[in-house]
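Asks: Below you will find the structure I want to go over with you.
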Amino acid sequence: MDRVFDGFVVGLVLAKRFRLIDNQGRNRIVLGVTGASGSIYGARLLRHLRALSCEIHLVASSTAEKVCRFEGHPLPQNVPTGSDGLAGSVIRHAEGDFFAPPASGSFRHRGMVIAPCSAGTVGRIAAGTADTLLLRAADVCLKERRPLIVLLRETPLSRIHLKNLLEITEAGAIVVPASPGFYHKPSGIEELVDGVLARVLDLLGFPSEIAPRWKDCPGHD
Ligand SMILES: Cc1cc2nc3c(=O)[nH]c(=O)nc-3n(C[C@H](O)[C@H](O)[C@H](O)COP(=O)(O)O)c2cc1C
């Protein structure tokens with residue numbers, strides 16, 4: 031009897047480990063990437079989410095493709111589980127594919143992050159155009175009351191930007207400006223970027239420690 035029970039527990043652990051059981055889509059994230067500068071935010075977030083064993087549904091705008099390449103962080107196509115030693119996987123969807131899972135409210139996932147997000151995409155979300163897969167997926171998050179985290183990269187901000195940011199905030203989105211802190215004394219761009227991404231992972235409820243918390247910062251007593 032003990033051996034049967036042990037076998038059941040081992041089976042359950044393995045099934046969870048390889049994500050055969052995830053009825054709520056808790057390990058699924060929709061990642062949108064736009065043509066704002068700061069493609070490193072999307073690239074590093076993708077890596078952190080893969081390290082957390084996530085199934086990432088990647089949706090990029092056509093400008094994102096060009097800006098990511100220009101900034102040295104080209105977007106990946108499909109990435110299988112286990113590649114580069116990371117458990118998570120990437121499923122890439124085409125910009126105009128409204129038949130892809132993230133276009134539907136019945137597709138369960140933990141939330142969507144748009145990183146980096148342009149001011150133009152914020153405006154289109156605010157207007158509810160839903161005329162690309164990225165915009166439709168964001169629209170779906172708002173209507174389904176799922177987390178939508180918008181990592182905005184633009185400066186300075188016009189009145190139109192500020193109004194659109196208020197509009198999407200009132201609709202349920204969380205705006206995270208790509209505005210890193212310095213109190214953790216980052217030693218390079220990656221640590222600077224991770225300071226912002228740590229807040230994004232916190233908002234998604236992941237148990238991640240990619241940047242020191244305030245109490246662990248050098249100089250804090
Ligand atoms: C190199 C480069 C950097 C850009 N940086 C920004 C930016 O930081 N923020 C922004 O809102 N738009 C930026 N843009 C402009 C957007 O790419 C442009 O408004 C585009 O229409 C955004 O469309 P999308 O949101 O569908 O990707 C940049 C464009 C280029 C070519």
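So the sequence shown is numbered by my numbering: it starts at 31 and just counts up by one. From the three backbone atoms N, C-alpha and C, an ideal C-beta is built for every residue, glycine too. On a predicted model such as this, the values are computed, not experimentally measured, just so you know.
Run the proximity test for THR111: is its beta-carbon closer than 6 Å to any non-hydrogen atom belonging to ligand 1?
Replies: Start at 1 with the first residue of the sequence shown, and residue 111 comes out as number 81. Answer for THR111: no, Cβ out of range of ligand 1.
Asks: Which whole-angstrom value is the C-beta distance of LEU227 and LEU75, which I expect to be below 8 Å?
Replies: Here residue 227 is taken as the residue at index 197 of the sequence shown, counted from 1. Here residue 75 is taken as the residue at index 45 of the sequence shown, counted from 1. About 5 Å separates the two Cβ atoms, so the contact holds.
Asks: What separation, rounded to the nearest whole angstrom, lies between the Cα atoms of ARG140 and ALA117?
Replies: Taking the first residue of the sequence shown as position 1, residue 140 is located at position 110. Taking the first residue of the sequence shown as position 1, residue 117 is located at position 87. Approximately 17 Å, taken between the alpha carbons.
Asks: Are the stretch 65-82 and the stretch 98-115 in contact at 8 Å, needing three or more beta carbon pairs?
Replies: The stretch 65-82, when compared against the stretch 98-115, does touch it at the 8 Å Cβ threshold.
Asks: Please name the residue in LEU195, THR93 and ILE59 whose C-alpha comes closest to that of ARG77.
Replies: Working through the sequence shown from its first residue, we reach residue 77 at position 47. Among LEU195, THR93 and ILE59, the Cα nearest to that of ARG77 is on ILE59.
Asks: Count the CB pairs spanning the stretch 213-227 and the stretch 93-100 that are closer than 8 Å, and state whether there are at least three.
Replies: No contact exists between the stretch 213-227 and the stretch 93-100.
Asks: If you check the beta carbons only, do ILE179 and VAL120 fall under 7 Å apart?
Replies: Locating residue 179 in the sequence shown gives position 149, where the first residue counts as 1. Locating residue 120 in the sequence shown gives position 90, where the first residue counts as 1. Not a contact, by the Cβ cut-off of 7 Å.
Asks: Please tell me whether, using a cut-off of 6 Å, the distance from the CB of PRO184 to the nearest non-hydrogen atom of ligand 1 is below it.
Replies: What you label residue 184 is simply residue 154 of the sequence shown in a count that begins at 1. Contrary to the premise, residue 184 reads as Glu rather than Pro in this sequence. True, at least one ligand heavy atom lies under 6 Å from that Cβ.
Asks: Between which two residues does the alpha helix (DSSP H) harbouring CYS171 extend?
Replies: Translated into positions along the sequence shown, residue 171 becomes position 141. Per DSSP, CYS171 belongs to the alpha helix (DSSP H) from 163-173.
Asks: Return the residue from the list CYS247, ASP246 and ARG56 that minimises the CA-CA distance to MET142.
Replies: Mapped onto the sequence shown, residue 142 falls at position 112. Among CYS247, ASP246 and ARG56, the Cα nearest to that of MET142 belongs to ARG56.
Asks: Tell whether a beta-carbon distance below 7 Å holds between SER18 and THR199.
Replies: Any question about residue 18 goes unanswered here, given that the chain covers just 31 to 251.
Asks: May I ask you to check if the CB of VAL97 is nearer than 6 Å to at least one heavy atom of ligand 1?
Replies: Numbered from 1 along the sequence shown, position 67 holds the residue referred to as residue 97. VAL97 Cβ: within cutoff of ligand 1.
Asks: Between the Cα of ALA81 and the Cα atoms of ILE240, ILE204 and ASP232, which residue gives the shortest distance?
Replies: By one-based count along the sequence shown, residue 81 stands at place 51. Minimum Cα distance to ALA81 is reached at ILE240.
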